[in-house]
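Chemist: Here it is, the structure, as structure tokens.
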Amino acid sequence: MSWDNSTTKQQQSTQAAALKAQVVDAVGPFSPFWRGRLKSLGKTASQVSSAETLATLPAVGERDVCADGNPAGAAALVLQAGESGWALHAEGPQLRKALASRLARPGSYRAVVEADIRPTSFVFAGLGMRFPVASTRGDLDVVARAGARLWQVLGLSRADVLVAALPLRPSASLQALQLGAIGAGCPALFPGDDADEVAAALRLVPATVLALPSGRAATLLEDLDEAGASLQALSTVLLIGAPSDDERRNVAAALSHLGRRVTVLAAHAPDGHRLLWGECPKGTGLHTYPDLELLQLVDPETGEATSGGGELVLTQLGLKGTALLRWRTGDLAEGIATGSCPGCGRTVPRVVGTRRGALVPSLALRTGTRGVDLRGVAAALDGRADVVDWRVVVGPSTRDGADEVLVHVVPTADQDETDVAVAVARDVRQAAGLLPTQVVVVDARDLPTGAALSRRVLVR
Ligand SMILES: [Zn+2]
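Using this note's numbering, the first residue of the sequence shown is number 30, and each one after it goes up by one.
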């Protein structure tokens with residue numbers, strides 16, 4: 030039985046065991062953030078160690094962990110164990126081996142403990158802020174193994190040659206491609222994202238796969254053409270970061286302008302995660318790894334479980350540096366499909382209709398460009414006693430084209446309108462770290478309508 034063809038029932042039983050081990054033996058005792066969080070919720074780790082009970086935990090995102098926007102808070106997600114704590118929770122065979130060698134070689138026990146839990150490598154993540162994500166050596170092995178699976182999903186082989194035009198700043202996607210290439214035994218070059226450097230790399234190696242960041246892919250292709258890049262051997266363009274329909278169209282147009290017929294595929298690691306999911310070549314969604322992660326969906330406005338589309342919430346299984354539990358990724362998904370993939374037959378869950386980072390869009394406000402956490406804005410408005418209904422509208426102003434965050438509220442009958450507007454502005458700033466461009470007090474019949482990101486958050 031390989032990772033991608035077991036039955037749903039088999040997957041669920043493997044996943045349930047991995048989830049229990051992660052929650053009870055790793056995150057519950059060793060994550061400072063979750064230890065405190067479970068205590069304040071009055072729950073023990075074993076009470077939330079099944080998929081159903083885990084879903085009762087409020088999901089958390091970067092602003093819950095890094096209160097006031099201070100990225101230092103992310104350190105509390107990194108598992109921290111001493112030698113005695115490790116002995117209580119290490120897997121039996123590993124512990125026996127460590128104890129045996131402790132008798133023979135003093136100091137080796139500590140080395141085993143440290144190898145298991147000590148972070149050795151960091152990447153940066155974050156949508157509205159930037160924070161570090163830690164990996165142990167064991168985590169890096171997991172990333173490499175998942176990378177080898179990514180190559181399988183994408184239909185690539187050792188015969189392929191990858192050139193990745195990604196920024197060299199440490200990111201999960203860059204690390205996952207680097208280790209994935211090693212895991213898959215595939216030659217790979219990482220010249221950075223400067224078009225001239227990439228063109229130079231393409232003159233050195235006949236790339237069959239060119240990885241490009243989704244947001245800049247079309248522009249980079251044009252720049253590469255201008256820089257005289259050689260794309261003769263190219264068979265696949267790999268878009269890193271679930272691309273939007275517009276981004277796909279622009280890439281298709283750029284490729285057709287170059288006169289190249291190549292396959293365009295996508296790979297995506299949600300923000301905070303370290304594993305890249307590959308898109309099925311038949312376009313049926315992103316293939317995930319049920320033994321290494323559990324995916325759930327929540328209503329982006331309330332954070333509560335939802336059965337329809339919603340925000341993708343991630344629980345990592347087996348990762349021991351930064352260990353994410355019920356992590357709000359900021360991605361929206363239409364759904365998580367189970368059962369055999371109609372494209373390739375793999376039975377792993379597929380994430381369908383991903384809109385990357387949609388809940389924390391980068392907005393060019395008059396005060397500067399920044400990621401705006403719409404989950405925080407919604408949280409400040411949801412369930413208020415002084416407001417009957419509300420809408421948030423984000424997007425460019427008709428006046429000068431600058432992006433705006435407009436909050437429309439319908440106060441309850443007994444409330445003073447100005448008081449409500451002031452209180453709403455204050456609470457939004459507290460929860461999302463920015464003042465709305467404007468708080469507009471309206472009658473219910475005058476609430477704006479339009480394209481919705483979620484029920485009450487609209488985009489222009
Ligand atoms: Zn498939």
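By construction, the Cβ of each residue, glycine as well, lies at the ideal position given by its N, Cα and C atoms.
(1) Considering only the alpha carbon of each residue, which of GLU446, VAL470, ALA193 and ALA452 lies closest to LEU435?
(2) DSSP three-state label for ARG275, please.
(3) Please determine if the region 207-222 and the region 329-345 are in contact, where contact requires at least 3 C-beta pairs separated by less than 8 angstroms.
(4) The beta strand (DSSP E) that contains LEU435, what's its start and end?
(5) Expressed to the nearest angstrom, what Euclidean distance is found between the alpha-carbon atoms of ASP145 and GLN345?
(6) For the region 381-417, list the alpha helix (DSSP H) runs that are entirely contained and at least 4 residues long, ordered along the chain.
(7) Using alpha carbons as the reference points, say which of GLY314, THR427 and THR447 lies closest to ARG384.
(8) Classify PRO425 as helix, strand or coil using the three-state DSSP reduction.
(9) When the Cα atoms are used, what is the spatial distance from GLY71 to LYS349?
(10) Could you check the C-alpha separation between LYS68 and THR82 for me, to the nearest Å?
(11) Run through the region 48-99 for me and flag every whole alpha helix (DSSP H) of 4 or more residues, listed as ranges in chain order.
(12) On the three-state DSSP scale, how would you describe LEU206?
(13) GLN459 to GLY400, Cα distance in whole Å?
(14) The beta strand (DSSP E) spanning ASP360 covers which residue range?
(15) Helix, strand or coil for ARG420? Go by DSSP, reduced to three states.
(16) Give me the Cβ distance between ASP300 and GLY386, rounded to the nearest whole Å; I'm assuming they're in contact under 8 angstroms.
(17) Hey, quick one: how far does the beta strand (DSSP E) through GLU308 stretch, first residue to last?
(18) Looking at the unbroken alpha helix (DSSP H) that takes in THR248, where does it start and where does it end?
(19) Suppose the cutoff is 6 angstroms on Cβ atoms and the five residues either side in sequence are ignored; what does the same chain contact list for LEU250 look like?
(20) Taking only the alpha-carbon atoms, compute the straight-line gap between GLY176 and VAL182 and give it to the nearest angstrom.
(21) So who's on the other strand from HIS302, going by DSSP bridges?
(22) Quick one: measure Cβ to Cβ for LEU304 and LEU321, integer angstroms, because I've assumed they're closer than 8 angstroms.
(23) Spatial neighbours of PHE62 within its chain, please: CB distance less than 7 angstroms, with the 5 preceding and 5 following residues excluded, ordered by chain position.
(24) Looking at C-beta atoms only, is the number of pairs between the region 150-167 and the region 178-196 that lie closer than 8 angstroms three or more?
Modeler: Answer, in terms of the structure:
(1) The sequence position of residue 435 within the sequence shown is 406, counting from 1. Checked all of GLU446, VAL470, ALA193 and ALA452; the closest Cα to LEU435 is VAL470.
(2) Here residue 275 is taken as the residue at index 246 of the sequence shown, counted from 1. A small fix is needed here, since residue 275 is Asp in this sequence, not Arg. Here ASP275 sits in helix by DSSP.
(3) When Cβ pairs closer than 8 angstroms are counted between the two stretches, the region 207-222 is seen not to touch the region 329-345, the count staying below three.
(4) Residue 435 sits at position 406 when you count from the first residue of the sequence shown. Residues 432-440.
(5) By 1-based counting over the sequence shown, the position of residue 145 is 116. By 1-based counting over the sequence shown, the position of residue 345 is 316. Distance between the alpha carbons of ASP145 and GLN345 is about 16 angstroms.
(6) 403-410
(7) Your numbering for residue 384 matches position 355 in the sequence shown. Comparing Cα positions, the closest option is GLY314.
(8) Stepping through the sequence shown from its first residue, residue 425 is reached at position 396. Strand.
(9) If you number the sequence shown from 1, residue 71 lands on position 42. If you number the sequence shown from 1, residue 349 lands on position 320. Taking the straight line from one Cα to the other gives about 24 angstroms.
(10) Within the sequence shown, numbered from 1, the residue matching residue 68 stands at position 39. Within the sequence shown, numbered from 1, the residue matching residue 82 stands at position 53. Using only the alpha carbons, I get a separation of about 16 angstroms.
(11) 61-70, 80-83 and 91-94
(12) Here residue 206 refers to the residue found at position 177 of the sequence shown. Three-state DSSP puts LEU206 in a helix.
(13) What you label residue 459 is simply residue 430 of the sequence shown in a count that begins at 1. What you label residue 400 is simply residue 371 of the sequence shown in a count that begins at 1. Rounded to the nearest angstrom, the two C-alpha atoms are 15 angstroms apart.
(14) Taking the sequence shown and counting its residues from 1, the one referred to as residue 360 is at position 331. Where ASP360 is concerned, the enclosing beta strand (DSSP E) stretches over 356-362.
(15) The residue given as residue 420 occupies position 391 in the sequence shown. It is a strand residue.
(16) Here residue 300 is taken as the residue at index 271 of the sequence shown, counted from 1. Here residue 386 is taken as the residue at index 357 of the sequence shown, counted from 1. With 8 angstroms as the limit, ASP300 and GLY386 qualify as a contact, their Cβ atoms being about 6 angstroms apart.
(17) Taking the first residue of the sequence shown as position 1, residue 308 is located at position 279. Residues 306-308.
(18) Stepping through the sequence shown from its first residue, residue 248 is reached at position 219. 246-255 is the extent of the alpha helix (DSSP H) around THR248.
(19) The sequence position of residue 250 within the sequence shown is 221, counting from 1. Cβ neighbours of LEU250 beyond the five flanking positions: ALA283.
(20) In the sequence shown, counting from the first residue as 1, residue 176 sits at position 147. In the sequence shown, counting from the first residue as 1, residue 182 sits at position 153. So the alpha carbons of these two residues sit roughly 10 angstroms apart.
(21) If you number the sequence shown from 1, residue 302 lands on position 273. BP columns for HIS302 are empty, so no partner.
(22) Translated into the one-based positions of the sequence shown, residue 304 becomes position 275. Translated into the one-based positions of the sequence shown, residue 321 becomes position 292. LEU304 to LEU321, Cβ: 6 angstroms. Contact.
(23) Within the sequence shown, numbered from 1, the residue matching residue 62 stands at position 33. Counting only Cβ-Cβ distances below 7 angstroms, and skipping sequence neighbours, we find VAL94, ALA105 and LEU106.
(24) no
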